[in-house]
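Which chain is which? The protein sequence lines are Z and Y, in order. Sequential numbering from 1 applies to the first sequence in the numbering used here. Sequential numbering from 446 applies to the second sequence in the numbering used here.
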Amino acid sequence: MKTTWLLSAALAATALTAASPAAAATKFEFWYGLSGDLSERVQEMCSRFNASQADYEIVCVSQENYENNLQNTIAAFRANKQPTVTQISDGGVVDLMLSGAFVPVRELMEKNGYTIDWSNYFSGISSYFSTSKGELLAMPFNSSTAMFYYNTDALKAVGFEGAPQTWEQVEKIATDLKAAGYECPIAFDPTGTWQWFEQFSAVHNQPIASNGNGYGGLDAVVEFNKGKFVDQLTWYKKMVDAGLMVHKSKAAGQTANEAFTAGECQMSSSSIADHGSFSKQAKEGVHWDVTVLPIWEGTERHNSLVGGAALWTLKGKSEEEYKGAAAFYNFIAQPIEAQHWSTITGYIPVTNSGFEAMMADGFYDAPPYKGRELAIQSLTATPPGEYTRGIRLGNFGAVRQEVSKAMQSVIFDGVAPQKALDDAAARSNEILRKFEQTYKGQQLP
Amino acid sequence: MERRAVYRNKVLPWLLIGPQLLLVLVFFYWPTSQALYWAFTLEQPWGGGNLWAGLDNFLYIFRDDRYWGTVLRSAFYALAATGLSMLVALTLASFVDRALKGTKLFQSVFIWPYAIAAPAAGVAFRFIFSPEAGLVGAINDIWPGIWDPATNGIHALAMVIVCHAWLGIGYNFVFFLAALQMIPRSINEAGAMDGARPFRRMLDLQLPLIAPTAFFLLIMNIISSFTDSFGLIDTMTEGGPIGQTEVMVYKIYVDGFKGLDYSGAAAQSIILMLLVIGLTFVQFKWVERRVHYN
């Protein structure tokens, strides 16, 4: 009995292998830097692509986070074992731009006969991932921005109705919450430079670096130690010392997001991309909502920066693989797929028409998606300006580390904010000069 | 008098050592030569070109006070981890050597930690030392905030050192026990008959006799603390808080892989390599000459 079964299985297997060469699909790899819930969503997308056609098979590999993905992609590229498609975030853009290690997405799509309306892509995204002449180099994929999350029940309990819009209100609410016995009014992770530093600078139109945040050339110097961010860091320190902001991080055993969804912290700042996960993970009875990042009274709100990542096509692969990559990009650019991706995650729709269609459908009108349209509102508060279109600094990951260390030394060790930021600026400038030296004589495309 | 086996055939010896030589070349000399080259150039992260930089990378490092901070921290780490590990191992070994009840059991139990991979131990110790949930964290219930390796660099460094020392105890224990058991029983017994208590015999008899082993272990432990600390730090603190647990080997990783400064990292690894070569040299020059293994 068992033998017959085995035999037939073996026969079937032989039949399958014999049949497959005729319809052999071209395999190509896609590495991405998302994990957990978001990684599962990517895998589902890959399966849908594979099921939708028979010519190509995409193999999607999670590298846990953007940083790892960048490191591993570089290592693989150097060993000539790179994936065809990789997901590189805002911080790694300049290094990749100058390396010439990629095929521009526009060229790729034109060559393979796909027409895509590039002007339809959201201007904040294009300004991050295209050349100074406006040619988009990477395929927009997952875009987000930083938002402010709050626990509606807690705010109501201290008599605040609606969403906090200014830091003055946030401070008042936090003080009231503390007085009302809440242990953790605001979750604060001093390594979260993206929301607490970069996005703060953008919405207050504060320069992070000269040359229009680096867009004007590689000789930019950082300027974050001269503007409002110094006062902001001083304020963070004051809030932490008063127990109104509480340190939450992976190292401390609980991240800010975990503390917020568990209902332990009542306010937090994180990406709009977490909107979907928060809906799933929020503990029973925790009611929350989202709003744009607060600003200081008397300042004018500017647009926040686009976060997230785009898909880059790497050089050194076969024509067949590039065809596959182009087919995949075309697949994710289809309105239905784009809308589905945006729905299940929280990432913003990357095209203008996509957003308008979702608006018209009433997608944003009811929970659990209500509030996500505020991300677009935040990104379009003003047209992207000199200091709000993005950050174009070489080796920006290392600069972020310096700011993160400065924030930690202020919060943990009580170093004076101005001194900590001056030190970080000096070190950041050394990083930038070394980068400029490494790419001597080269211009930003 | 010298006795030597000599190969008549000139080719055969090369064939015999060939595979080993090839392994060493491919996995040691080739990467080292690459690092050496990068250390004197500015290497583009994605490959594709580099510029000759002369000694710039080294000068940049030597000017950087943060680098000297990691050097001092590495030295402290090496001494503290080595001292702690050897002291505990010696204490355990001398008890086991005294043939007390259950000696056979302890002989094998004490070696176990050495078989645990550093990252696995790191995860376990991170839990043990976690300020909120861990075993040690319980003292925070008595004195709130007294133990916080997530924000306090000294606490974090202490936590990593304790874990490193713990991992090394097994290795040190085996060597100490073997050395103690090689001491002729008669010497010990003679001391006992003269009225010396165990602790006195330890100080005056056993310690001087196992000194060569102790010196060997000292060098091995120091080298291990320079190179093996990576796995632990990466799982326990990732160099934080504020880079206060970054030792030399971890800074190479942070600057090279996270910071994409391949040249600076290569220069640092050359310095670290010279340091380890120096220690090995001391070991051969001093210890091997003085040790008489009979």
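From the three backbone atoms N, C-alpha and C, an ideal C-beta is built for every residue, glycine too.
In the DSSP assignment, residue 148 (chain Z) falls outside any alpha helix (DSSP H) and lies within the beta strand (DSSP E) extending over 146-151.
About 6 Å separates the beta carbons of residue 289 (chain Z) and residue 150 (chain Z), which is inside the 8 Å limit, making them a contact pair.
Closest option to residue 40 (chain Z), judged by alpha-carbon separation, among Z:176, Z:345, Z:189: Z:345. Distances from the alpha-carbon of residue 644 (chain Y) to those of Y:457, Y:581, Y:461, Y:535 put Y:535 closest. Residue contact with chain Y for residue 90 (chain Z): absent (no Cβ-Cβ distance below 9 Å to any residue of chain Y). The alpha-carbon of residue 321 (chain Z) is positioned some 37 Å away from that of residue 433 (chain Z). Between the region 77-94 of chain Z and the region 28-48 of chain Z, the count of C-beta pairs closer than 8 Å reaches three or more; the two stretches touch. The straight-line gap separating the alpha-carbon atoms of residue 423 (chain Z) and residue 514 (chain Y) is approximately 15 Å. Look at residue 648 (chain Y) here: in three-state DSSP terms it is helix. Residue 312 (chain Z) places its beta carbon less than 9 Å from that of residue 137 (chain Z).
In this structure, residue 116 (chain Z) lies away from residue 204 (chain Z), with their beta-carbon atoms at least 9 Å apart. Here residue 27 (chain Z) carries a strand assignment [DSSP, helix/strand/coil]. Legend: CB atoms of the region 241-252 of chain Z lying less than 9 Å from CB atoms of chain Y belong to residues 247, 249, 250, 251, 252. One alpha carbon belongs to residue 397 (chain Z), the other to residue 454 (chain Y), and they sit about 58 Å apart.
Around the Cβ of residue 630 (chain Y), a 10 Å sphere holds fewer than 16 other Cβ atoms; the residue is exposed. With a threshold of 16 other beta carbon atoms within 10 Å, residue 443 (chain Z) falls short and is exposed.
A distance of 9 Å or more separates the beta carbons of residue 383 (chain Z) and residue 132 (chain Z). Annotation: residue 226 (chain Z) to residue 419 (chain Z) spans about 11 Å, alpha carbon to alpha carbon. For a cut-off of 8 Å, the C-beta gap from residue 218 (chain Z) to residue 387 (chain Z) is around 18 Å, too long to register as a contact. Taken through DSSP and simplified to helix, strand or coil, residue 292 (chain Z) comes out as coil. Neighbours of residue 418 (chain Z) in chain Y, taken as residues whose beta carbon is under 7 Å from its own, are absent, since the nearest beta carbon is some 17 Å off. Linking residue 517 (chain Y) to residue 212 (chain Z) through their CA atoms gives a straight-line distance of about 40 Å. Residues of the same chain with a CB within less than 7 Å of the CB of residue 176 (chain Z), apart from the 5 flanking positions on each side, are 158 in chain order. Under the rule that a run must span 3 or more residues, no beta strand (DSSP E) segment is found entirely inside the region 372-425 of chain Z. Contacts with chain Y at 9 Å (Cβ-Cβ) include residue 395 (chain Z). If you check each beta-carbon in the region 675-687 of chain Y against every beta-carbon of chain Z, the ones closer than 9 Å belong to 682, 683, 685, 686, 687. Short of 7 Å from the beta carbon of residue 417 (chain Z), and not among the five residues preceding or following it, lie these beta carbons of its own chain, in chain order: 230, 233, 234, 237, 410. For the set Z:330, Z:307, Z:359, the Cα lying nearest the Cα of residue 125 (chain Z) is the one of Z:307.
Counting the other Cβ atoms within 10 Å of the Cβ of residue 595 (chain Y) gives 16 or more, which makes it buried. Between residue 703 (chain Y) and chain Z, the shortest Cβ-Cβ separation is below 9 Å. Within chain Z, no C-beta atom comes nearer than 9 Å to that of residue 510 (chain Y); the closest sits roughly 10 Å away.
Cβ-Cβ distances below 7 Å link residue 363 (chain Z) to 369 in the same chain, with the five nearest sequence neighbours on each side left out; the list follows chain order.
Considering only beta carbons, no part of the region 617-642 of chain Y lies closer than 7 Å to chain Z. Counting the other CB atoms within 10 Å of its CB gives residue 119 (chain Z) a total below 16, which places it among the exposed residues.
In the same chain as residue 529 (chain Y), and ignoring 5 residues on each side of it, the C-beta atoms closer than 6 Å to its own belong to 610, in chain order. When only Cα atoms are considered, residue 508 (chain Y) and residue 709 (chain Y) end up about 12 Å apart.
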